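Asker:
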Amino acid sequence: MRYLSSSSIGKVLLTTAGLTLLGCGGHDGASLELAHQDHVLTTNDGIKVLFFGDSGKGNDEQRATAAAMTEHCAKYRCDFGLMLGDNIYPDGVTSVDDPQFQSKFEEPLRNLDLKFNVILGNHDMHSGPAGMRAQIEYSKISKKWSMPARYYSFTEGNVEFFALDTNTYRKDQEQIQWLAKALENSQARWRVVLGHHPIYSVGDHGFLDFIEGKSQKKLRKALEPLLCKHKALYLAGHEHLMQVNQLPCGITTVVAGAAAERKIPYKDKIASQKDTLRYYSTNELGFGYATFTDDAIQLSFINEKSEVLYNYEIK
């Protein structure tokens, strides 16, 4: 990975000492911020992918973000999309005929002629097993929606994607063993794991888990060793912000859960961590965009005004 000149967008810094806000003027001393990179978005070769989570609200914010996606794809090309869970708020769906599929998925994304590969979020599970099955079965009805199973993999060009159900992953030995074997057998240039829940976060859920709970730590314990071993990129939602983390082992995790709502990415609490993270975070509405070539993965965050907020490159 390489790091270029820093932009002055607001950032946060997580160290072993706790949480520090980096203002627009920068940070005195050695900075652990992940620098913005000035790569240029183009329509050139490579696999080009939208990714976002927590979109299914049917509100003005979702529609504005979807309009920005449409504009971006018309300009730069998009081959398909990744939906990172919480697809239908607040409680998922009850059947394949649930009108929320239309109001919170089909209608907002009507101008995007793309297939969306979908995973489950915690809100999608509120309607129980029947609601989960309905999201899988909806793949047979919709031209846009693809969720063949609770967890699954697929390959596009030089990238293999591994879609998880992180609602159960930390205690689901069958799923854990499936992922371990699938990563081991993958021959792809790039491996990308998709999960609704982040393993590191500076958002509301991250702080609650860092200080009060164990769910994120359990997921991290189960998942992080596999990501590090196989040098896999991890894309998540759940937090209503956008964030890039570089883990101590050198891999990257990304949070993109601000497609329909945004929240402040830090609190007045100290988040003690065993290891030092380098990361960038923003609480603007928006979505992620990734280009995969043989040489690099280029990641960008774009807001609902179609402005590029941040670029990051993995080599």
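According to my numbering, the sequence shown holds residues 25 to 339 in order. Where a beta carbon is used, it is the ideal one built from N, C-alpha and C, also for glycine. Fair warning: this is a prediction, and the values are worked out from it, not measured in the lab.
#1: Is any beta-carbon of chain D found at less than 9 angstroms from that of residue 214?
#2: Taking 8 angstroms as the cut-off, does the CB of residue 111 come closer than this to any heavy atom belonging to the ligand COA?
#3: With contact counted as at least three CB pairs below 8 angstroms, one residue from each stretch, are the segment 74–89 and the segment 100–114 in contact?
#4: Let me check one thing: in DSSP terms, what residues is residue 214 bridge-paired to?
#5: Exposed or buried, which one is residue 234 when buried takes at least 16 other CB atoms within 10 Å?
#6: Measure the alpha-carbon distance for residue 258 versus residue 185 and round it to whole angstroms.
#7: Which stretch, first to last residue, makes up the alpha helix (DSSP H) that contains residue 337?
#8: So what does DSSP say about residue 280, is it helix, strand or coil?
#9: Applying the 10 Å Cβ sphere with the 16-neighbour rule, what's the burial state of residue 205?
#10: Let me make sure I understand the geometry here. Which of 213, 183 and 218 has the alpha-carbon closest to that of residue 190?
#11: Would you mind giving the Cβ-Cβ distance between residue 265 and residue 281, rounded to the nearest angstrom? I have them listed as a contact below 8 angstroms.
#12: Where does residue 208 land, buried or exposed, given buried means 16+ other C-beta within 10 angstroms?
#13: Using only the alpha-carbon positions, how far apart do residue 338 and residue 325 sit?
#14: To the nearest angstrom, how far is the alpha carbon of residue 161 from that of residue 123?
#15: In chain order, what residues of the same chain lie with their CB nearer than 6 angstroms to the CB of residue 299, ignoring the 5 residues before and after it?
#16: By Cβ distance below 7 angstroms, which residues in the same chain neighbour residue 165 in space, the five residues on each side in sequence not counted?
#17: Taking C-beta to C-beta, are residue 213 and residue 318 nearer than 9 angstroms?
#18: Based on Cα-Cα distance, which residue from 287, 303, 220 and 321 lies nearest to residue 309?
#19: With residue 100 as the anchor, note down where its alpha helix (DSSP H) starts and where it stops.
#20: Quick one: using the 10 Å Cβ neighbour count with 16 as the cut-off for buried, is residue 178 buried or exposed?
#21: Rounded to a whole number of angstroms, what is the C-alpha to C-alpha distance between residue 95 and residue 102?
#22: Would you please state the rounded distance, in angstroms, between the beta carbons of residue 158 and residue 118? I believe it to be under 8 angstroms.
#23: With distances taken Cα to Cα, identify the nearest neighbour of residue 283 among 304, 141, 245 and 261.
#24: Could you tell me which residues DSSP puts in a beta bridge with residue 314?
#25: Where residue 89 and residue 107 are concerned, what is the direct C-alpha to C-alpha distance, given to the nearest angstrom?
#26: If we require 3 or more residues per run, which beta strand (DSSP E) segments fall completely within the segment 132–214?
#27: Under a Cβ-count criterion, where at least 16 other Cβ atoms within 10 Å of its own Cβ denotes burial, should residue 141 be classed as buried or exposed?
Answerer: The relevant details are as follows:
#1: No chain D is part of this structure, which consists of one protein chain only.
#2: In the structure shown, the ligand COA is absent, as is every other ligand, since no ligand is present at all.
#3: Touching, yes.
#4: Bridge partners of residue 214: 183.
#5: Unreliable positioning characterises residue 234 in this predicted model, as indicated by a pLDDT of 47, which lies under 50. The coordinate reading is nonetheless provided below. Buried.
#6: Each residue's CA atom was taken as its position, placing residue 258 and residue 185 some 10 angstroms apart.
#7: Where residue 337 is concerned, there is no enclosing alpha helix (DSSP H), although the beta strand (DSSP E) it sits in stretches over 332–338.
#8: Three-state DSSP puts residue 280 in a strand.
#9: Sixteen is the threshold: since fewer than 16 other Cβ atoms of the shown chains lie within 10 Å of the Cβ of residue 205, the residue is exposed.
#10: Residue 218 is the option with its Cα nearest to residue 190.
#11: Contact annotation, residue 265 with residue 281: C-beta distance approximately 7 angstroms; criterion of less than 8 angstroms satisfied.
#12: It counts as exposed.
#13: Counting only the Cα atoms, residue 325 lies some 15 angstroms from residue 338.
#14: Spanning the alpha carbons of residue 161 and residue 123 requires a straight line of approximately 15 angstroms.
#15: Unreliable placement is indicated for residue 299, whose pLDDT of 45 sits below 50; no coordinate value is reported for it.
#16: Excluding positions up to five away in sequence, the list reads 120.
#17: Yes, they are a contact pair.
#18: Checked all of 287, 303, 220 and 321; the closest Cα to residue 309 is 287.
#19: Taken as a continuous stretch (DSSP letters only), the alpha helix (DSSP H) holding residue 100 covers 84–100.
#20: Counting Cβ neighbours within 10 Å, residue 178 comes out exposed, since fewer than 16 surround it.
#21: Each residue's alpha carbon lies about 11 angstroms from the other.
#22: With 8 angstroms as the limit, residue 158 and residue 118 qualify as a contact, their Cβ atoms being about 7 angstroms apart.
#23: Closest option to residue 283, judged by alpha-carbon separation, among 304, 141, 245 and 261: 261.
#24: Paired residue(s): 73 and 323.
#25: One Cα belongs to residue 89, the other to residue 107, and the distance between them is close to 13 angstroms.
#26: Within the segment 132–214, the complete beta strand (DSSP E) runs of at least 3 residues are 140–142, 176–180 and 183–187.
#27: If you draw a 10 Å sphere on the C-beta of residue 141, you find 16 or more other C-beta atoms in it, and that means buried.
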